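Please read the structure below before turning to the comments.
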Amino acid sequence: MKCGLCHTDVEKLSKSHIIPRALHLFGQEKGEHQGLLVMPVDKGKRVERSHTGFHSRIVCADCEASFKAGDDALIELSRTHADAVQLFDELGATEAFQFPNINNGTLHRGVIATLFRANLSDNDFYKQVDLPPRFAEQLRQVLLSPEPSHHSDFDVVLRLTPSLHGSVIKSPRRLRFCDVNTYWLTFPYWTAAIKVDGQKSRLLRQVRIGAYGHPVAALTPELNPSELKALSKAMRGKHEDVLRITAGKFEKINRS
Ligand SMILES: [Zn+2]
Numbered sequence: 423m424k425c426g427l428c429h430t431d432v433e434k435l436s437k438s439h440i441i442p443r444a445l446h447l448f449g450q451e452k453g454e455h456q457g458l459l460v461m462p463v464d465k466g467k468r469v470e471r472s473h474t475g476f477h478s479r480i481v482c483a484d485c486e487a488s489f490k491a492g493d494d495a496l497i498e499l500s501r502t503h504a505d506a507v508q509l510f511d512e513l514g515a516t517e518a519f520q521f522p523n524i525n526n527g528t529l530h531r532g533v534i535a536t537l538f539r540a541n542l543s544d545n546d547f548y549k550q551v552d553l554p555p556r557f558a559e560q561l562r563q564v565l566l567s568p569e570p571s572h573h574s575d576f577d578v579v580l581r582l583t584p585s586l587h588g589s590v591i592k593s594p595r596r597l598r599f600c601d602v603n604t605y606w607l608t609f610p611y612w613t614a615a616i617k618v619d620g621q622k623s624r625l626l627r628q629v630r631i632g633a634y635g636h637p638v639a640a641l642t643p644e645l646n647p648s649e650l651k652a653l654s655k656a657m658r659g660k661h662e663d664v665l666r667i668t669a670g671k672f673e674k675i676n677r678s
C-alpha cells in the first residue's frame, strides 16, 4: 500500500485521526467527557456525539509520527484559548487574541496537516474537502519539506469561537473568503481558514499565522454572510437532534 504522504510502499498503513483524538474529548463540564457534537454536512445524517472522531488508514507509521508536534499544537490552542493575550481596539473592546506560548510554525503545520488528512480521508464528514490535484500535491510537498510551512502559500487565519462552539465540531467546508478559495476547519473553541488558491489575498496575508511573532486569532462579534449561510445549511433539520443529545444543557454551556 502506498503512503499518502511520502508515497513509500508499506505493508500496512497507520491509523490516522483526521482531527486529533484528544480534541474529541473536550467535554462541556469538568470531569465529564461527553465527546464533541459532530455536525455532518448531509441533511439526512444525524448529529452525533463522538469520543473518537474519524480515522482513516492513509499514511505510513513514520509519516503519522511526523504529525505529532503539529497535533499537539492544535490541542494546546484549544486547551489554552482563554489564556491568550487580549488585544483591544481604540475603544477598549477585545478584538483579537495572541498566543505567546504557541509557535507559529508548529501550529501552522498542524492545521495544514489536518487539511491534508481530511483531503485523503474517504469519510463523508470530510466530503467537502476535495483539493484540486495541483494543490493536493503542493500541500504534500510542503508537509514533506523541512522548511517552515507557514512560509508557504497556504495562508491560515484563526478565529476564536468561544462558548458553545467549544463542544461542537462541524464538517469542514469550502468558502469564498477575502476573494480567494478557503477551507474552514473547526476545532474546539476556534476555527481555521486555510487559503487554497493561486491568487494572493493581501488581507489574509496580513493576519495569517506567521505574520506576527506568535499566532493571532480574531474574535469576531459578527459572522460574515457566507458563514451564516454555511451555518444555516449545517443546522437545517439538525436542531431537534442537537436538543435530544444535549437534553437542555445548552443554556448551561452558554453561561460558562
Ligand atoms: Zn509515509
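Under our numbering, the first residue of the sequence shown carries the number 423, and numbering increases by one thereafter. Even glycine gets a Cβ: it sits at the ideal position worked out from N, Cα and C. A quick note: this is a predicted structure, and the numbers were derived from the prediction, not measured.
H429 carries a coil assignment under DSSP once its states are collapsed to helix, strand and coil. Taking C-beta atoms as the reference points, S543 and I440 count as a pair closer than 7 Å. One residue list follows from the rule of a beta carbon closer than 6 Å to any heavy atom of ligand 1, given in chain order as C425, L427, C428, T430, V481, C482, D484, C485. Burial state of Y548 is buried, judged by a 10 Å Cβ sphere holding 16 or more other Cβ atoms. Around the beta carbon of R539, 16 or more other beta carbons sit within 10 angstroms, so the residue counts as buried. Three or more Cβ pairs drawn from the stretch 512-530 and the stretch 623-632 lie within less than 8 Å of each other, which places the two stretches in contact. Across the structure, L566 and F519 are spaced so that their CA atoms are roughly 30 Å apart. When only Cα atoms are considered, V432 and R501 end up about 35 Å apart. In the three-state reduction of the DSSP assignment, S472 falls in the strand class, which pools E and B. The Cβ neighbour count for N523, taken over all protein chains shown within 10 Å, is under 16; the residue is labelled exposed. Under the 10 Å beta carbon count, L513 is surrounded by fewer than 16 other beta carbons and is classified as exposed. L509 and H429 have their C-alpha atoms spaced approximately 43 Å apart. Taking C-beta atoms as the reference points, W606 and R595 count as a pair closer than 7 Å. Considered as a whole, the stretch 569-629 harbours 624-629 as its complete alpha helix (DSSP H) runs of no fewer than 4 residues, in chain order. By the Cβ neighbour-count rule, E470 is exposed, with fewer than 16 other Cβ atoms within 10 Å of its own. Contact between L435 and V481 holds, since their C-beta atoms are separated by about 6 Å, short of 8 Å.
In this structure, S623 places its C-beta atom within 7 Å of the C-beta atom of D601. For E486, the uninterrupted alpha helix (DSSP H) segment begins and ends at 483-488.
Distance from the CA atom of R598 to the CA atom of K424, rounded to whole angstroms, is 33 Å. DSSP places T502 outside any alpha helix (DSSP H), giving it a letter other than H or E.
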